[in-house]
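J.: Residue numbers (this note's numbering): 20 to 295.
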Ligand SMILES: C[S@@+](CC[C@H](N)C(=O)[O-])C[C@H]1O[C@@H](n2cnc3c(N)ncnc32)[C@H](O)[C@@H]1O
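#1: Could you check whether the segment 220–231 touches the segment 110–119, counting it as contact only if at least three pairs of C-beta atoms, one from each stretch, sit closer than 8 Å?
#2: Taking all protein chains shown into account, do 16 or more other C-beta atoms lie within 10 angstroms of the C-beta of residue 128, making it buried, or fewer, making it exposed?
#3: The beta strand (DSSP E) with residue 185 in it runs from where to where?
#4: Could you give the C-beta distance for residue 282 and residue 231, rounded to a whole number, given that I count them as a contact under 8 Å?
#5: Just to confirm the assignment, what range does the beta strand (DSSP E) spanning residue 287 have?
#6: Just the Cα atoms here: how many angstroms apart are residue 160 and residue 290?
#7: Please list the terminal residues of the continuous alpha helix (DSSP H) segment that includes residue 296.
#8: Given a threshold of 16 other Cβ atoms within 10 Å of its Cβ, counted over all protein chains shown, does residue 78 qualify as buried or as exposed?
#9: Quickly, what does DSSP pair residue 134 with across the bridge? List them, please.
#10: Which residues does DSSP list as the beta-bridge partners of residue 62?
#11: Report the option in 225, 193, 49 and 124 whose CA atom is closest to the CA atom of residue 64.
#12: For residue 230, does the three-state DSSP call read helix, strand or coil?
#13: Start and end of the beta strand (DSSP E) containing residue 95?
#14: Taking all protein chains shown into account, decide if residue 32 is buried (16 or more other Cβ within 10 angstroms of its Cβ) or exposed.
#15: So, are the CB atoms of residue 151 and residue 174 less than 9 Å apart?
#16: Which residue's Cα is closest to the Cα of residue 46: 92, 86 and 80?
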């Protein structure tokens, strides 16, 4: 599977942003926005990460695969909390290196494996994992169904997958849809619904929860934190870039508050009547 030029450009931008996200100012902002300090780029809060422990039934015997793992949020946190083994997969190398360093600092390096491959082509044998997570990954890539299919192959038949995804609300006017796409993650649009893609790839939906209200609150905290830390941000980025960043958060928040974008949590299990 080859990445599109736009996906490669996103990977290159993220290489730099995972490094930048480790600066004290960014980590302070992240603590007030999501309640964590792993240098995350998804909208997953600490509360939502803790819910994953129950949703995925994680414990010391679990083999967890976290896709689009960035610099370790929330995969590394889940390993820390439950004692499970975790495999982190992502395209930017910088994020995985930061996760390895954090695991050494937290004394959990023995629980961690990092693999720098695309989630569309997982290089693991069938049935390798009993838990899979991904946080706002599918809205950051084009081949969403290939990821779901790849996950289906590597999950144990009794395993479980939980993921969040941001999507364009159905049945919008053309103008609203365009506005949603402009304010969503780069690959937020999908011709096929997530329910249909899960059906097509052999997954059964156990639960589907709309977490858009919490998403709005998290975005509002992001906007407030950026404004509060404007001066420190200007020592990392130039002042035009900081202004642009604040306007971007405001525009994204408006689009979500206007009902154009939603964020959902899916918990799914393999349909054992169908092989992966
Ligand atoms: C919204 S970020 C989430 C990162 C991290 N899990 C977090 O919560 O901070 C989505 C991640 O998906 C990764 N990603 C995009 N396309 C990918 C692909 N084909 N395979 C693996 N990861 C991919 C991006 O590099 C990015 O790190």
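Backbone N, C-alpha and C define an ideal beta-carbon position, used for all residues, glycine too.
T.: Looking at the coordinates:
#1: Segments in contact, no.
#2: Label assigned to residue 128: exposed.
#3: For residue 185, the enclosing beta strand (DSSP E) stretches over residues 174–187.
#4: Correct: roughly 5 Å between the Cβ atoms.
#5: According to the DSSP assignment, residue 287 belongs to the beta strand (DSSP E) that extends over 280–289.
#6: Across the structure, residue 160 and residue 290 are spaced so that their CA atoms are roughly 24 Å apart.
#7: Residue 296 falls outside the range modelled here, since the chain spans only 20 to 295, and no answer is possible.
#8: It is exposed - the Cβ of residue 78 has fewer than 16 other Cβ atoms within 10 Å.
#9: Answer is 108, bridged to residue 134.
#10: Residue 62 is not bridged to any residue.
#11: Cα-wise, what sits closest to residue 64 is 49.
#12: It is coil, neither helix nor strand.
#13: Residue 95: not part of any beta strand (DSSP E); member of the alpha helix (DSSP H) spanning 94–101, first to last residue.
#14: A residue is called buried once 16 or more other Cβ atoms fall within 10 Å of its Cβ, and residue 32, having fewer, is exposed.
#15: In this structure, the beta-carbon distance from residue 151 to residue 174 falls below 9 Å.
#16: Comparing Cα positions, the closest option is 92.
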